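Residue numbers (the numbering used here): 149 to 582.
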Ligand code: SF4
Ligand code: SF4
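Here's what the structure looks like:
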């Protein structure tokens, strides 16, 4: 659990935070083992980009902030929060704790930018407004899009170049999953789950959420989805906006408490990892009732593929004779964050018509990193190019993964390289087979 105050804006609070950061930093032995696994360092070979370099910066954070706070912010944000360093650190340094805490200190010191404040504290907490904005964009987007790749399903948006650069993007649905279903409140003989779609599977890849619903109904699992779920809060937390993060967590807790369920499942690896680990990491921010809920969700939250295999014990027998190659990319939040890698592979290997081939370094980060892709697109693409080459090396028809943020990145990478490869979430392929 973290000692992060709710919103570190006073000097006293910042000083307390800085002291608690020192306790975490002292465990780093400066061995440099993190170098070999850091995707950012692998692309830049700059010591400042790897964990050890960032820890050296944080060692004298108060001084560095007074010298050049923007530089500190920029250096800290050259990180995907992929967790590769923490997973491989021989000293068990709590690197994600350090980075999230440091980002909160820097944002507390510098203040939150106007656009982030608008998004995190005004749009994300208002699901009807957010759905309306997506719906309007989905209806009127066609004249502004130029098809980039039929196979990958991407377009370019020249008019949005100032914001999106030359990214190849998927088109938006005219209705989000949550607005087309409203509240879902179903019973089933095989238990009951809360379905947490997450922003991207709800508002961009709504077919992922539809696939989850189809799968759960097929297996006769009751589904509860309150109509007013909001973002899990990870964009705010990663930007150091503790106030925005807390607000979103509280709203979700208030929605989820309205129904009974045995597990919370999601097709979004980032949401699963954030709800399970980060909500719990910052449990001290919340009132006793909310803490009890967070504690409960810490044990109940599961990625949907793990739920199918571990809880429902679906018998995914390996299929044979398939002719279309499918490969799998491990999302960092799923593999390094939650230790889930075998389950999605079991599902893929059971699909009739497909032949599973493992790509090299399947758990190597794709370079998306959420806001990292927004602010460091060139670097994100450089990191992703290695992933693209690894995918292409096994000549798949489809690359599957378990995180919608990775899907966005893989679609862009493959489309930009003119590769004729589909990108699908594991649940979409499974739902197609039912
Ligand atoms: S963070 Fe871990 S792996 Fe990296 S230098 Fe410190 S002790 Fe070594
Ligand atoms: S979280 Fe990932 S990108 Fe950030 S320092 Fe660690 S290995 Fe590098």
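Glycine is no exception: its CB is placed at the ideal position from the N, C-alpha and C atoms.
Owing to the predicted nature of the structure, the values given are computational and were not obtained by experimental measurement.
Asked                                                                                                                                                                         : Found
Where do the N-terminal and C-terminal ends of the alpha helix (DSSP H) with residue 451 fall, by residue?                                                                    : Careful: residue 451 lies outside any alpha helix (DSSP H), inside the beta strand (DSSP E) at 449-451.
Nearest by alpha-carbon distance to residue 250: which of 569, 505 and 224 is it?                                                                                             : 224
Roughly how many angstroms separate the alpha carbons of residue 195 and residue 384, rounded to a whole number?                                                              : 27 angstroms
Between which two residues does the alpha helix (DSSP H) holding residue 472 run?                                                                                             : Unbroken run through residue 472 is the beta strand (DSSP E), 472-477; no alpha helix (DSSP H).
What is the C-beta distance between residue 166 and residue 253, in whole angstroms, given that I count them as a contact (C-beta under 8 angstroms)?                         : 6 angstroms
What is the C-beta distance between residue 369 and residue 336, in whole angstroms, given that I count them as a contact (C-beta under 8 angstroms)?                         : 5 angstroms
Could you name the residues that DSSP lists as bridge partners for residue 373?                                                                                               : 332
Taking the C-alpha atoms as reference points, what is the distance between residue 241 and residue 484?                                                                       : 15 angstroms
With three or more beta-carbon pairs closer than 8 angstroms as the criterion, would you say the stretch 535-551 touches the stretch 265-282?                                 : no
For a minimum of 3 consecutive residues, which ranges assigned as the beta strand (DSSP E) are wholly contained in the stretch 297-328?                                       : 302-304
Can we count residue 254 as close to ligand 2, meaning its CB is less than 6 angstroms from some heavy atom?                                                                  : no
Taking the straight line between their C-alpha atoms, what separation do you get for residue 415 and residue 216?                                                             : 40 angstroms
Check residue 542 in the structure and name its three-state DSSP category.                                                                                                    : coil
What distance in whole Å lies between the Cβ atoms of residue 476 and residue 496, which are believed to be in contact at a cut-off of 8 angstroms?                           : 6 angstroms
Which whole-angstrom value describes the C-beta separation of residue 442 and residue 428, a residue pair presumed to lie in contact below a C-beta threshold of 8 angstroms? : 6 angstroms
How about residue 412 and residue 362: are their beta carbons less than 7 angstroms apart?                                                                                    : no
Within 6 angstroms: the Cβ of residue 347 and any heavy atom of ligand 1?                                                                                                     : no
Compare the Cα-Cα distances from residue 486 to each of 303, 302, 230 and 318 and report the closest residue.                                                                 : 230
Considering residue 366, what are the terminal residues of the alpha helix (DSSP H) in which it resides?                                                                      : 354-366
If we count Cβ pairs, one from each stretch, closer than 8 angstroms, do we get three or more for the stretch 321-335 versus the stretch 348-356?                             : yes
Consult DSSP for residue 573 and reduce its assignment to one of helix, strand or coil.                                                                                       : strand
Given 6 angstroms as the limit, tell me if residue 194 has its C-beta closer than that to any heavy atom belonging to ligand 1.                                               : no
Given this structure, state the Cα-to-Cα distance separating residue 293 from residue 269, to the nearest angstrom.                                                           : 29 angstroms
When the distance is taken between beta carbons, is residue 531 closer than 7 angstroms to residue 187?                                                                       : yes
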